[in-house]
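Here's the structure, in structure tokens; my notes come after.
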Amino acid sequence: MSELRKVIKLRVKSLNDLARMAASVIALGQPTYVIRIRDGEKVVYGLLAVFRDYFNLHGVPLLYYYVDEHGLAEGNYILIKSDETGERVEVSRGIKPSYLSIPIIDLAEFPDFLS
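Residues in the sequence shown are numbered from 366 upward in steps of one, following my numbering.
In structure tokens form, the structure reads like this:
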């Protein structure tokens, strides 16, 4: 069996950046979710993606992630709304009308390919 390649990790500055990235993928018709892993006091939110057709490779696995140093946000969805008044992003227990809802999937531990 061949060795499992690890993902390339790309840390984003804010949860808003991660939500915007997920929203752009959803706009292309791809089902999308955000993973969440608790690591002590920190909470890591991530979005798995593939950078397709990189040179001779079939694709490079990527993990866009944000680290919440305080681990305060609880909820099952990242909600994002963007209109003429600006952008609003929040973590919520449920969905809201007129917001794009991105499900959060809690992982019990870091998978080997993310470690």
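Every residue gets a Cβ at the ideal spot worked out from N, C-alpha and C, and that includes glycine.
Remember, it's a predicted structure, so these values are computed and weren't measured experimentally.
- For D477, there is no enclosing alpha helix (DSSP H), as DSSP marks it with neither H nor E.
- The continuous stretches of alpha helix (DSSP H) do not include L428, which lies in the beta strand (DSSP E) extending over residues G424 to D433.
- When DSSP reads this structure, S466 sits in a beta bridge with L444.
- The beta carbon of I391 sits closer than 8 Å to those of T397, L465 and I467, all from its chain and outside the five residues before and after it, given in chain order.
- Judged by DSSP secondary structure, S389 falls within the alpha helix (DSSP H) whose first and last residues are L380 to A392.
- Inclusion of L479 and L428 in the CB contact set at 8 Å is warranted, their separation being smaller than that value.
- Going by C-alpha positions, F475 is about 12 Å away from Y410.
- The Cβ atoms of Y431 and L375 do not sit closer than 8 Å to each other.
- Taking C-beta atoms under 8 Å as the contact rule, I443 and I470 fail to qualify, at a distance of about 11 Å.
- The beta carbon of L380 sits closer than 8 Å to those of Y410, Y431, D433, A438, I443, V454 and V456, all from its chain and outside the five residues before and after it, given in chain order.
- The C-alpha of L472 lies about 8 Å from the C-alpha of R403.
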